[in-house]
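Quick note on the working numbering: the sequence shown kicks off at 199 and runs consecutively. The beta carbon of each residue, even a glycine, is placed where N, CA and C say it ideally should be. Model, not experiment: these values are computed from the prediction. Worksheet: the structure to be examined is printed underneath.
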Amino acid sequence: LKDAETYSGFYKSNKSNVQLHHPNDYPIPSTNHSLMVQSQSFDGAAESIYNWKVLHLSRAKLKASSRTSALLSGFAMVAMVEIQIDHGPDQKIPEGLLIAFAVCTVLLISVHMLALMISTCILPNVEAVANLHYQTNKTVFESPHLSMSTIVEVAWWFSTVLGILLFLAEIMILCWVKFYITTKLAAWIATGILIPIMLVFIGFAGHFYVKLVSHKAEVCEEGLRELELLRDNIGDDEKDNVVTDIQII
């Protein structure tokens, strides 16, 4: 009886949203209402999926930055400590070359240590939210990756782009410091090999960034097309409902 009263009240308050296909039929809610509910649920699910995807992407970037920075900064520190600079009786390594080696090493270690510090501070908070067994649509917003997205990107670029370029420059300068007295030919060969590698690395980084941006643009365009189709379907159903209501009257 309560269900009948509830349904009757719904019918009285939503006469414009029901259709009667036969005089003896029960009132049936219009498809416009169901489509609106489906569109709202679809939008909510899509937004939730997008938010969780951003969280997992930030976590992956922080993990990669942490591993890469720890490895390369450790190598630079060992190279600076363990290198043995040989001086000949009549030849010495130019002071400018030693200064360049020291500056490059300090910059390399500082950049990677900054990226490592950012990853170490933010990653545990992101992991705590991502590994929860019970999650809701609002759980993802408890992670600090959204408010600190710029800092996460800085750590990512410091570790993978600037840090690797400094690492390649460090290897080139290290070859000059090590082989300047004994044989300069080895240093020139190492320089000739590393310069094309650095150019390839820069070209790949630019190409990857362009491809990533174009992929995101395509995904956004596809989402806009789906929304436009959904809007057109809702508009067509509204027109059909208006015509049906006029015929019933």
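* Under three-state DSSP, which class holds P322? -> Here residue 322 refers to the residue found at position 124 of the sequence shown. If DSSP states are grouped into helix, strand and coil, P322 belongs with the helices.
* Asked: When DSSP labels each residue in this structure, what does H331 get in the three-state scheme?
  -> Residue 331 sits at position 133 when you count from the first residue of the sequence shown. Residue state, collapsed to three classes: coil.
* Say the cut is 7 angstroms; is the CB of T318 nearer than that to a heavy atom of the ligand SAH? -> Looking for the ligand SAH in the displayed structure turns up nothing, as the structure carries no ligands at all.
* Spatial neighbours of L427 in its chain, beta-carbon cut-off 6 angstroms, leaving aside the 5 residues before and after -> Taking the first residue of the sequence shown as position 1, residue 427 is located at position 229. So the list is empty, once near-sequence residues are dropped.
* **Buried versus exposed, by CB contacts within 10 Å (16 or more), R257** => Taking the sequence shown and counting its residues from 1, the one referred to as residue 257 is at position 59. Under the 10 Å beta carbon count, R257 is surrounded by 16 or more other beta carbons and is classified as buried.
* Close Cβ partners of F208 (< 7 angstroms) along its chain, the five nearest in sequence each way excluded -> The residue you call residue 208 lines up with position 10 of the sequence shown. For F208, the predicted model reports a pLDDT of 43, less than 50, meaning its position is unreliable and no value from the coordinates is stated.
* Element boundaries [alpha helix (DSSP H), containing K376] -> For the purposes of this step, residue 376 is identified with residue 178 of the sequence shown, where counting begins at 1. It spans G361 to F377 - the alpha helix (DSSP H) in which K376 sits, taken as one unbroken run.
* Asked: Could you give the residue range of the alpha helix (DSSP H) that holds T348?
  -> Sequence index remark: in the sequence shown, residue 348 carries index 150 (1-based). For T348, the uninterrupted alpha helix (DSSP H) run begins and ends at S347 to W355, by DSSP.
* Does the Cβ of H310 have 16 or more other Cβ atoms within 10 Å, making it buried, or fewer, making it exposed? -> As a first step, residue 310 is located in the sequence shown; it is residue number 112 there, counting from the start. H310 should be labelled buried.
* Asked: Under three-state DSSP, which class holds K336?
  -> As a working note, residue 336 is residue 138 in the sequence shown. Coil.
* Asked: Is the region 253 to 270 touching the region 311 to 330, taking contact as three or more C-beta pairs under 8 angstroms?
  -> With a cut-off of 8 angstroms, the region 311 to 330 and the region 253 to 270 count as touching, because enough Cβ pairs lie within range.
* Within 10 angstroms of the Cβ of C453, are there 16 or more other Cβ atoms? Answer buried if so, exposed if not. => Outside the displayed span of the chain (199 to 447) sits residue 453, for which this structure offers no information.
* Cα separation between H219 and R429? -> Taking the first residue of the sequence shown as 1, we reach residue 219 at position 21. Taking the first residue of the sequence shown as 1, we reach residue 429 at position 231. Low local confidence applies: a pLDDT of 44 at H219 is under 50, so the model's placement there is unreliable, and no value is given.
* Taking Cβ to Cβ, would you say L295 is nearer than 8 angstroms to Y407? -> Taking the first residue of the sequence shown as position 1, residue 295 is located at position 97. Taking the first residue of the sequence shown as position 1, residue 407 is located at position 209. Their beta carbons are not under 8 angstroms apart, which means L295 does not touch Y407 by this criterion.
* Are there 16 or more other CB atoms within 10 angstroms of the CB of S173, so buried, or fewer, so exposed? -> No information on residue 173 is available, as it lies outside the stretch 199 to 447 that the chain covers here.
* Let me know the secondary structure DSSP gives H405 once reduced to three states. => Here residue 405 corresponds to residue number 207 of the sequence shown, with the count starting at 1. Three-state result, H405: helix.
* To do: Verify whether the separation of the beta carbon atoms of W374 and A385 is less than 8 angstroms.
  => Position 176 of the sequence shown holds residue 374. Position 187 of the sequence shown holds residue 385. Yes.
* To do: Compute the beta-carbon to beta-carbon distance between M370 and L397, rounded to the nearest angstrom, for a pair I have assumed lies under 8 angstroms.
  => Numbered from 1 along the sequence shown, position 172 holds the residue referred to as residue 370. Numbered from 1 along the sequence shown, position 199 holds the residue referred to as residue 397. Contact flag wrong, Cβ pair sits at about 13 angstroms.
* **Cβ-based neighbour list, I291, same chain, cut-off 8 angstroms, excluding 5 preceding and 5 following** => Counted from its first residue, the sequence shown places residue 291 at position 93. If we look at I291 and ignore the five residues flanking it on each side, its Cβ neighbours are I283, H285, V375, Y378 and I379.
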